[in-house]
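Protein chains in written order, with this note's numbering: chain S, 73 to 599; chain D, -4 to 285.
We treat Cβ as the ideally placed atom computed from N, Cα and C, and that holds for glycine.
Have a look at the structure below, then the notes.
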Amino acid sequence: MEVSEKRKKKAQQSATLWQVSLRLFLLLALDGFVIWFTLGAFAEGYAQLGIVVALIGGASNYIILSRDLYPLRWMLVGLIFMAMFAIWPIILTVFVAFTNYGDGHLVTKPQSIELFLQERYLPEGGSAYTWTGYINENDEYALWLQNEAGESYLAYPGQTLISGAEAEGLGELDENGIPASVADYKRLNALQVASNQTISETQFGSELDGVRIRSAREASQLEPKYEYDKEQDTLLDVETGTVYMANQGTWTAKNGATLPFGFRASVGLDNFTRFFKSSALSGPLLHIISWNFIFAFLSVFMTFSLGLIIAYIYNDRTLPGRKIIQSFLLIPYTIPSLITIIIWRGMFNNEVGVINRVLESLFHIAPAWTVEPNLAKLAILIVNLWLGYPYFMLVTSGALQAIPEDLYEAASIDGANAFQKFFRITLPMLLVSVGPLLVASFVYNFNNFNLIFLFIEGGPPIPNSPTRAGYTDILISYVYNFAFASGRSKEYGLGSAITIIIFIIVAVITLFQFKYTRMWEEVGENA
Amino acid sequence: MLKNLSFKQRIWVGHGIRWLIALVLIFFAIFPVLWVISASLNPSNSLASAQLIPDHIGFDNYKYLFETPQYPFPIWLWNSIKISTITTLLSVSITVLAAYPFSRLRFKGRQTMLKMILLIQVFPGLLAMIAMFTLITQFGAIVPALGLDTHAGLIMVYLGGAMGVNIWLMKGFFDTIPRDIDESAMVDGASHWQIFTQLLLPLMRPILVVIALLTFIGTYGDFILARILLKSTEQYPLMVGLFIFTGGEFSKKWGAFAAGALIGALPIMTIYLLLQDQIVGGLTQGAVKG
Chain S
73 MEVSEKRKKK AQQSATLWQV SLRLFLLLAL DGFVIWFTLG AFAEGYAQLG
123 IVVALIGGAS NYIILSRDLY PLRWMLVGLI FMAMFAIWPI ILTVFVAFTN
173 YGDGHLVTKP QSIELFLQER YLPEGGSAYT WTGYINENDE YALWLQNEAG
223 ESYLAYPGQT LISGAEAEGL GELDENGIPA SVADYKRLNA LQVASNQTIS
273 ETQFGSELDG VRIRSAREAS QLEPKYEYDK EQDTLLDVET GTVYMANQGT
323 WTAKNGATLP FGFRASVGLD NFTRFFKSSA LSGPLLHIIS WNFIFAFLSV
373 FMTFSLGLII AYIYNDRTLP GRKIIQSFLL IPYTIPSLIT IIIWRGMFNN
423 EVGVINRVLE SLFHIAPAWT VEPNLAKLAI LIVNLWLGYP YFMLVTSGAL
473 QAIPEDLYEA ASIDGANAFQ KFFRITLPML LVSVGPLLVA SFVYNFNNFN
523 LIFLFIEGGP PIPNSPTRAG YTDILISYVY NFAFASGRSK EYGLGSAITI
573 IIFIIVAVIT LFQFKYTRMW EEVGENA
Chain D
-4 MLKNLSFKQR IWVGHGIRWL IALVLIFFAI FPVLWVISAS LNPSNSLASA
46 QLIPDHIGFD NYKYLFETPQ YPFPIWLWNS IKISTITTLL SVSITVLAAY
96 PFSRLRFKGR QTMLKMILLI QVFPGLLAMI AMFTLITQFG AIVPALGLDT
146 HAGLIMVYLG GAMGVNIWLM KGFFDTIPRD IDESAMVDGA SHWQIFTQLL
196 LPLMRPILVV IALLTFIGTY GDFILARILL KSTEQYPLMV GLFIFTGGEF
246 SKKWGAFAAG ALIGALPIMT IYLLLQDQIV GGLTQGAVKG
């Protein structure tokens, strides 16, 4: 007895020793990674990310080392992932909503200035060369340049100029000192040059000593196009003499002209007020918001109604084959919804879809499901009904069985008919238990991106909308267009602003749901 | 009319009507499925010539799926299974570990944290898609293996939602195991870790399986995050891959899509039909609690 006690104690001690060393090792590994990652983030210019990772790393150390926070150690990994990939993206969304982040505003201000300072232009005057062109078998070009001082250079695209004296592989020189060939490049004659477009569009030399052809004889050194004035915080276009000022992330001249790209900057509430100022933007947005609510409400109403009707009809245990019917009716629920949405997309195809082929042979009509806005909406609701009713069938059939039989018996004695029983007993009792699920379903459908996107990609498009918007777009698919639709300019700032509007709507509905649920719990406790 | 029938006959008329309604409903429920099965077996491969009962039956569409390099279907299927399995294992481990202290330990801020987790869960990951994209782009600049177009980056984003979804459900099941069990073990000198691994985990196994399956199904069916974060066709999971078929002339690739859809749906349908009762139980309980 005593021996076993001792052994147990010893086992416990060694376990703790093992645990301590393991913990120490994990801590060191974590800290090493966090420090390395933070440094990397700062080196890349992602200061925000660096700070966030460092904060999460610090908090993790505290949780691991503090005796009081022992319970949190159990959930440390989960907390780290939650902080990084659930909480931080929400905060980041809020940040981005107040900036102009998007195409033309992707880089930081120093990066933007740096990019402009690298731009070169072909000046009217400036140091000039006479030039001779060469071509190799791969249709690559080279230039032989001579200036007035008699110095010569060899120029390839993207390479620093090579002094003629140091150049290798030169062929025989003619009376002007021009080689007949350079390595595997052959000299072009005047006729070939005159008929050649490419050579006059090519920039020879590196970024710093670029050379371009100005005329049939002359080539010229390129010069920096922009100068940055630190004190005034302006960019001067040397070629035109225009001065550009930094205005909310856009380089703007006095006459209103802007440079092709700017930088990320805070624009305050601009993203939110743009919709009120511009009727072209607010028109589609209002349509999208109202359809979003109608779509979510009708989806919940229709799926719940059909689910309830089915559950009510087949709740009868004496019905033969009840189990088989329920299994068949459950099938839509068992297929990944993405797949079935695309199947329905094929079935609703205007020209060759099965639905129109059947309608055509029976009634000689072929509705334009994907072209007519209202028909597209109807099709979406039908598909969502198919996708959603089995869930409510399951949930309500469980809830129906929980309603005590005596209630119905008492009602029968009082002379209530079936209709009264359903609306006075069944429905109120159901709504108490299924109510929170209805709210949850509303929130789910409110953001049902998959259905809208996979079925019809938001189409048919709303004409004359300045951004891509369709008649069946809901807010979340509209946001997707801002950020990820191909061939469109990206507007991450504006997209994030709309995301925040969705956040607020969802939060209000959920708050309502929490209140409702708590009320429901209290009712349960009192009973 | 009905009044002339006997009680028994009236019951059978009722059954008959309900069976008729059921047939209409079942037709609505399974028509798309039948349609896809027939399309996948119809060698003509186009929507226009699709019939419910094809003239010829052949497996050309299935062969096409496995032999066309433009649509690397087997790779998509493998990617889906790989991503979903890894996410499920990690996610369930994270959640079950996190649920233990919420059920068994009493500490300051326990209630607040539970509520906070619920609140964060309210915002689905896809809402913050622009931020996710930015974040993973930045991760990729520092650690390319975790950046855009990597499965690791996508899995990390999925794990961000792991805590929220199932922790309440899991805590609820821990709560149903009587505390006497662990208290008596504690008297014998067992540590929390020993109680967790040797006593509670074996008792939790059935519900862990159900939660794991639900997580698997959820990850398998994700579209939007995978589409945003993965760029190259070889990295796509099945759902994003199948969407490619809708581009261009969808109606001409209908047969191949149908075959792919069936193969893709099969694992999930099997899980549901085998474990129907358990999943429904877990679903309704979790939903009502949430």
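Excluding five sequence positions before and after T90/D, the CB atoms of its chain that fall closer than 7 Å to its own CB belong to A157, M158, N161, I162, M165, given in chain order. With contacts defined by Cβ atoms closer than 8 Å, T406/S and G531/S do not form a contacting pair. F191/D is classed as buried because its beta carbon has at least 16 other beta carbons within 10 Å across all chains shown.
At the C-beta level, L102/S and G122/S stay beyond 8 Å of one another. Under DSSP, M317/S takes part in a beta bridge, and its partners are T306/S, T324/S. Looking from the CA of A291/S, the closest CA among A239/S, E220/S, Q320/S, N248/S belongs to E220/S. Sequence-distant Cβ neighbours of T232/S in its own chain, meaning closer than 8 Å and more than five residues away, are G277, S278, L280, D281. Restricting attention to beta strand (DSSP E) runs no shorter than 3 residues, the stretch 515 to 590 of chain S encloses none. A residue is called buried when at least 16 other Cβ atoms come within 10 angstroms of its Cβ; E178/D does not meet this threshold and is exposed. In the three-state reduction of the DSSP assignment, F22/D falls in the helix class. In the displayed model, E295/S falls within a strand according to three-state DSSP.
Per the DSSP secondary-structure output, Q218/S pairs in a beta bridge with T202/S, S224/S.
Contact between the stretch 139 to 148 of chain S and the stretch 94 to 106 of chain D is present: three or more C-beta pairs spanning the two stretches fall below 8 Å.
Nearest Cα to F157/S within the set F128/D, I76/D, V152/D: V152/D.
Of all alpha-carbon atoms in P408/S, P533/S, E223/S, L401/S, the one lying nearest the alpha-carbon of F26/D is that of L401/S. When DSSP states are grouped into helix, strand and coil, S267/S belongs to the coil group. Residue burial is scored here from C-beta neighbours: Y298/S has at least 16 other C-beta atoms within 10 angstroms and is therefore classed as buried. Annotated as distal: V578/S and G567/S, with beta-carbon spacing of 8 Å or more. For K226/D, no beta strand (DSSP E) segment is defined, and its DSSP state is neither H nor E. Less than 8 Å divides the Cβ of F367/S from the Cβ of N517/S. Interface residue (Cβ-Cβ distance to chain S less than 8 Å): H10/D is classified as such. Looking at the DSSP output, S253/S sits in a beta bridge with K258/S. Excluding the 5 residues flanking it on each side, I78/D has same chain C-beta neighbours closer than 7 Å at H146, L149, I150, T214, P232, in chain order. Beta-bridge partners assigned by DSSP to T330/S: T324/S. In the structure shown, L245/S falls within a strand segment according to DSSP collapsed to helix, strand and coil. Flagged as an interface residue toward chain D: Y564/S, by a C-beta distance shorter than 8 Å.
Between G255/D and the set I411/S, D388/S, I403/S, the nearest pair of CA atoms involves I411/S.
The beta carbons of I397/S and A17/D sit closer together than 8 Å. In this structure, L148/S and S132/S form a Cβ contact; the two beta carbons are roughly 6 Å apart against a cut-off of 8 Å. If the five residues before and after H177/S are omitted, its C-beta is found closer than 8 Å to the C-beta atoms of T171, G321, T322, F333, G334, F335, R336, A337, G565, all from its own chain and listed in chain order.
Each of F61/D, S1/D, H10/D, L100/D was checked against the Cα of S186/D, and the nearest Cα belongs to L100/D. A Cβ-Cβ distance of about 6 Å is found for the pair W203/S and I285/S, placing them in contact under the 8 Å criterion. Cβ proximity to chain D below 7 Å picks out F109, G112, A113, E116 from the stretch 85 to 117 of chain S. At a cut-off of 8 Å, the C-beta of T468/S has no neighbouring C-beta in chain D.
Within the DSSP bridge table, the entry for Y193/S names E295/S as partners. As for any alpha helix (DSSP H) of minimum length 4 sitting wholly inside the stretch 66 to 105 of chain D, the runs are 68 to 99, ordered along the chain.
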